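Going by this note's numbering, the first residue of the first sequence is number 1012, and it counts up by one from there.
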Amino acid sequence: MKIASWNVNSVKVRLPHLLAFLEDARPDVLCLQEIKCLADDFPRLEIAALGYQVEAVGQRAYNGVALVSREPARSIVCGLPDSGDDEQARYIEASFGAAGSEVRIASIYLPNGNPVDTDKFTYKLAWMERLVGHAQGLLRREIPFVLAGDYNVCPADEDVYDPVAWQGDALCRIETRSRFRALLNLGLTDAYRLFHREPHRYTFWDYQAGAFQKNDGIRIDHLMLSPQAADRLADAGIDRHVRGWDKPSDHVPVYVDLDIEGR
DNA sequence: ATGACAGTCTGCGACTGA
């Protein structure tokens, strides 16, 4: 089962890229972030023509996450538990795969958190704590699961082109990294890092100042695997070439391949 | 260099993102 994650920065603008990626990569499940539209406005017909269906939670103009899959999603959950009156569309989770070998997959869009001296940072940290709590609950089920998405977290300095310049940024702050590390300490695996140890491999490059051409990037898109999923991990990677397409998203897809039947 | 980003709608400027 191939699972990919991609912050598309508007699914309407990026629809041609999304279709090309689905045709090229043929993931069983694709987790999308920043669809930037209401769920009803997601371009489902074009996706269906390629044999994929969509589950989405969206809002006007900002945020929004989706699960694009070849087989129907089951037991869909929108939003993290205990989110109170949080209206921001940042989490969707569902089950995929054959009965008896099902995989729980979440598409997450973790808050950016800048500037750090505002309630945006407080919101980010609280969101991360809810995610850690939810991961604990999922772990008790002892099933393969994947929390995939735009974490807005650089786990370590080696994930940043200029760690000094980024020191103090919400993506690199110690409070942010410690909450990301809490996921690792629970037993989750950063799938990319299991296969690739070399530093300075990125998933995001700013649109400004020729950042991609200079490889001034950061690694903030991650697939976090439960022990039962990590045991079946066959491959993981970053589809860096997508950043070179015409009018690209500022993020590129990341993916894992699990030794589990996709259907 | 008078510059050098790209989405969204409160729309031709402000807001947000990373």
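Built from N, CA and C at the ideal position, the CB exists for glycine as well. Given the structure is predicted, the values throughout are model-derived calculations rather than measurements.
Taking the alpha carbon of L1142 as the point to measure from, which residue in A1077, A1159, G1062 and D1130 has its own alpha carbon closest?
Nearest of A1077, A1159, G1062 and D1130 to L1142, Cα basis: A1159.
Assign A1206 to one of three DSSP states: helix, strand, or coil.
Per the sequence shown, the amino acid found at residue 1206 is Phe instead of Ala. DSSP places F1206 in helix when its eight states are reduced to three.
Answer with buried or exposed for V1175, where buried requires no fewer than 16 other C-beta atoms within 10 angstroms of its C-beta.
V1175 is exposed by the Cβ-count criterion.
Cβ neighbour criterion (16 or more within 10 Å) applied to P1038
By the neighbour-count rule (16 or more Cβ atoms within 10 Å), P1038 is buried.
Could you have a look at T1187 and say whether DSSP puts it in helix, strand or coil?
The three-state secondary structure of T1187, taken from DSSP, is helix.
Report the three-state DSSP secondary structure of D1246 (helix, strand or coil).
D1246: strand per DSSP, three-state reduction.
Span of the alpha helix (DSSP H) around E1140:
From DSSP, the alpha helix (DSSP H) with E1140 extends over D1130 to L1150.
According to DSSP, simplified to helix, strand and coil, what is Q1219?
Assigned with DSSP and collapsed to three states, Q1219 falls in helix.
Let me check one thing: in DSSP terms, what residues is R1262 bridge-paired to?
A small fix is needed here, since residue 1262 is His in this sequence, not Arg. For H1262, which the question treats as bridged, DSSP gives the partners F1215.
Simplified DSSP state of V1164, which is helix, strand or coil
Secondary structure at V1164: coil, using DSSP grouped into helix, strand and coil.
In three-state terms, what does DSSP make of A1117?
It is a strand residue.
Measure the beta-carbon distance from I1087 to G1069 and round it to whole angstroms, keeping in mind my assumption that it falls under 8 Å.
Taking 8 Å as the upper bound for CB-CB distance, I1087 and G1069 are not in contact here, some 14 Å apart.
Would DSSP call T1098 helix, strand or coil?
The sequence given here places Glu at residue 1098; Thr does not occur at that position. The three-state secondary structure of E1098, taken from DSSP, is coil.
Tell me the rounded alpha-carbon separation between T1214 and Q1239.
Approximately 25 Å between the Cα atoms of the pair.
What residue range is occupied by the uninterrupted beta strand (DSSP E) comprising G1066?
Per the sequence shown, residue 1066 should be read as Glu rather than Gly. Its beta strand (DSSP E) spans residues Q1064 to V1068.
Span of the alpha helix (DSSP H) holding I1058?
Membership of I1058 in the alpha helix (DSSP H) is indicated by the continuous run R1055 to A1059.
With burial defined as no fewer than 16 other Cβ atoms inside 10 Å of the residue's Cβ, what is the status of K1135: buried or exposed?
Buried.
With a threshold of 16 other CB atoms inside 10 Å of the CB of S1189, please say whether the residue is buried or exposed.
So S1189 ends up on the exposed side.
The beta strand (DSSP E) enclosing L1236, as first and last residue numbers:
Membership of L1236 in the beta strand (DSSP E) is indicated by the continuous run D1232 to L1236.
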